[in-house]
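*Asks:* Right, I'll just put the structure down here and ask away after.
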Amino acid sequence: MALTVMLLNGASFHGGCCRHKALFSLLGPLLSNSKFYSSYRRPGAEPEKKLSWQNADFSFKKAIDHLKTQLSLLKKETQDYLLGPGGRPLSQHLLEQTKVLWQFRSQEDLNKWVISSDVEIGGKSEVYLKLGRNNQAALLYGTLNTEVPRDGESKYSGYCSMRSRPPLGSFNRKKYYDWSNFNSLYLRVRGDGRPWMVNIYTDPYFSHQKDDLYSYFMFTRGGPYWEEIKIPFSKFFLSSRGRVQDNQHPVWLDKTLGFTIGDKVDGPFQLEIDFIGLLNDRAHREEFAYETYDKN
Numbered sequence: 001m002a003l004t005v006m007l008l009n010g011a012s013f014h015g016g017c018c019r020h021k022a023l024f025s026l027l028g029p030l031l032s033n034s035k036f037y038s039s040y041r042r043p044g045a046e047p048e049k050k051l052s053w054q055n056a057d058f059s060f061k062k063a064i065d066h067l068k069t070q071l072s073l074l075k076k077e078t079q080d081y082l083l084g085p086g087g088r089p090l091s092q093h094l095l096e097q098t099k100v101l102w103q104f105r106s107q108e109d110l111n112k113w114v115i116s117s118d119v120e121i122g123g124k125s126e127v128y129l130k131l132g133r134n135n136q137a138a139l140l141y142g143t144l145n146t147e148v149p150r151d152g153e154s155k156y157s158g159y160c161s162m163r164s165r166p167p168l169g170s171f172n173r174k175k176y177y178d179w180s181n182f183n184s185l186y187l188r189v190r191g192d193g194r195p196w197m198v199n200i201y202t203d204p205y206f207s208h209q210k211d212d213l214y215s216y217f218m219f220t221r222g223g224p225y226w227e228e229i230k231i232p233f234s235k236f237f238l239s240s241r242g243r244v245q246d247n248q249h250p251v252w253l254d255k256t257l258g259f260t261i262g263d264k265v266d267g268p269f270q271l272e273i274d275f276i277g278l279l280n281d282r283a284h285r286e287e288f289a290y291e292t293y294d295k296n
């Protein structure tokens, strides 16, 4: 599209202004609907002197540097794949009993997570994320407010959440976690006594499954002491838009992780997280905790 606009701008030099007007009359509707050109302007705003696509920085050097970076990532991914699962020999992968997924020791570790609240729908809850004391944990804190927005549509409000960013491979390809060698989630946290929901998000192929979520409860004791929490993956149940589904099935262990508070109690909250890991508990033999139904 940018090339088309450049041809229009340069047509007057090769065929005169009449040809320029003729081409623009044919391609103008296409350009007006594109993201490179728009005829809409807010009332009172000054007209733009040049098209929006002309503000883009077309740097050949940056493109080459970006290509080199992505190719180096692809090379490393190929080497790790040939070496074994997770870039380690297969023998180590099979004998592994614990694995740390996220450990919070720097700002870079916090950047792997995203926080959100009911402000997105007009609510008044607040949530923040920062490093804890001596940079030894992540501190998730804020204020919960269950006041429903007066928009005529929302019926509930009062939630805050923290969610991991999906991992990306070379050339911005989606990567998936391989948790198949483990059967439990293992966390070291320190809370304020309020309950949380631990969520495993889905990445579905169909749009009607975009709100599917696997969840289980995490109850914190409160007080000055850390607690280690183990949640078997067999306990996670499927819900969609806040409703528990009748058709339950085991969770697919390749998605992003998150924490949500929404206990309908107004006031401050905080949760410190030392690390989030995986555990292969040999004593846990349960495959799935809920009844499954055969479809007719």
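Under the UniProt record's numbering, think of the first position of the sequence shown as 1, with each following residue one higher.
Yeah, the Cβ is synthetic: ideal placement off N, Cα and C, and Gly gets one too.
Only counting runs of 3 or more residues, tell me where the beta strand (DSSP E) segments fall wholly within the segment 108–173, in order along the chain.
*Replies:* 113–117, 126–131, 138–144, 160–164
*Asks:* Check the DSSP bridge columns for Leu187 and list the partner residues they point to.
*Replies:* Ile229, Ile276
*Asks:* Give the range of the alpha helix (DSSP H) segment to which Asp266 is assigned.
*Replies:* Segment: none, Asp266 is in no alpha helix (DSSP H) and carries neither H nor E.
*Asks:* Taking only the alpha-carbon atoms, compute the straight-line gap between Gly169 and Leu74 and give it to the nearest angstrom.
*Replies:* 8 angstroms
*Asks:* With burial defined as no fewer than 16 other Cβ atoms inside 10 Å of the residue's Cβ, what is the status of Tyr293: buried or exposed?
*Replies:* With fewer than 16 Cβ atoms within 10 Å of its Cβ, Tyr293 is classed as exposed.
*Asks:* Quick one: complete alpha helix (DSSP H) runs, 4+ long, within the segment 53–91?
*Replies:* Within the segment 53–91, the complete alpha helix (DSSP H) runs of at least 4 residues are 60–83.
*Asks:* Beta-carbon separation of Leu278 and Lys112 under 8 angstroms?
*Replies:* When the beta-carbon positions are compared, Leu278 and Lys112 stay at least 8 angstroms from each other.
*Asks:* Does the pairing of the segment 139–154 with the segment 170–184 give three or more beta-carbon distances under 8 angstroms?
*Replies:* no
*Asks:* Going by Cα to Cα distance, which pick from Ile229, Gln270, Tyr290 is closest to Tyr128?
*Replies:* For the residues Ile229, Gln270, Tyr290, the minimum Cα distance to Tyr128 belongs to Gln270.
*Asks:* Is Gln103 helix, strand or coil by DSSP?
*Replies:* DSSP places Gln103 in strand when its eight states are reduced to three.
*Asks:* Buried or exposed, going by whether 16 or more other CB atoms sit within 10 Å of the CB of Ser117?
*Replies:* Taking a 10 Å sphere around the C-beta of Ser117, we find 16 or more other C-beta atoms and assign the residue as buried.
*Asks:* My guess is that Arg163 and Ile261 are in contact by the Cβ rule of under 8 angstroms, so how many angstroms apart are they, rounded?
*Replies:* Distance from Arg163 to Ile261 at the Cβ level is roughly 13 angstroms; contact not present, criterion being Cβ atoms closer than 8 angstroms.
*Asks:* Tell me the DSSP secondary structure of Ser234 in three-state form.
*Replies:* helix
*Asks:* Between Gly142 and Val114, what straight-line distance do the alpha-carbon atoms span, to the nearest angstrom?
*Replies:* 14 angstroms
*Asks:* If you draw a straight line from the C-alpha of Gly222 to the C-alpha of Val189, how long is it?
*Replies:* 10 angstroms
*Asks:* Please list, in chain order, all residues of the same chain as Asp266 whose beta carbon is under 7 angstroms from its beta carbon, the five residues on each side excluded.
*Replies:* Leu144, Asn145, Thr146
*Asks:* Going by the beta-carbon positions, is the gap between Met218 and Ile231 smaller than 8 angstroms?
*Replies:* yes
*Asks:* Could you tell me the distance, in whole angstroms, from the CA atom of Arg88 to the CA atom of Leu95?
*Replies:* 11 angstroms
*Asks:* Just mark Ala63 as buried or exposed, buried being the case when its beta carbon has 16 or more other beta carbons within 10 Å.
*Replies:* So Ala63 counts as exposed.
*Asks:* Would you say Asp192 and Thr202 are within 8 angstroms of each other, going by their C-beta atoms?
*Replies:* no
*Asks:* Leaving out five residues before and five after Tyr290 in sequence, what residues of the same chain have Cβ atoms less than 7 angstroms from its Cβ?
*Replies:* Phe237, Gln248
*Asks:* Could you tell me which residues DSSP pairs with Leu213 in its beta bridges?
*Replies:* Within the DSSP bridge table, the entry for Leu213 names Tyr201, Ser239 as partners.
*Asks:* Just list the residues that DSSP pairs Pro195 with in beta bridges.
*Replies:* Phe219
*Asks:* For Thr78, does the count of other Cβ atoms within 10 angstroms reach 16, so buried, or fall short, so exposed?
*Replies:* exposed
*Asks:* Determine the burial state of Ala283: buried for a count of at least 16 other Cβ atoms within 10 Å of its Cβ, exposed for fewer.
*Replies:* exposed
*Asks:* Buried or exposed: where does Thr69 fall if 16 or more other Cβ atoms within 10 Å of its Cβ makes it buried?
*Replies:* Taking all protein chains shown into account, Thr69 has fewer than 16 neighbouring C-beta atoms within 10 Å of its C-beta and is therefore exposed.
*Asks:* Would you kindly work out how many angstroms separate the C-alpha atoms of Asp246 and Gly158, rounded to a whole number?
*Replies:* 26 angstroms
*Asks:* Let's see if you can read the secondary structure: which residues bound the beta strand (DSSP E) around Thr260?
*Replies:* For Thr260, the enclosing beta strand (DSSP E) begins and ends at 257–261.
*Asks:* What's the gap between the Cα of Arg133 and the Cα of Asp274?
*Replies:* 11 angstroms
*Asks:* Using the Cα positions of Gly122 and Pro268, report the straight-line distance between them to the nearest angstrom.
*Replies:* 19 angstroms
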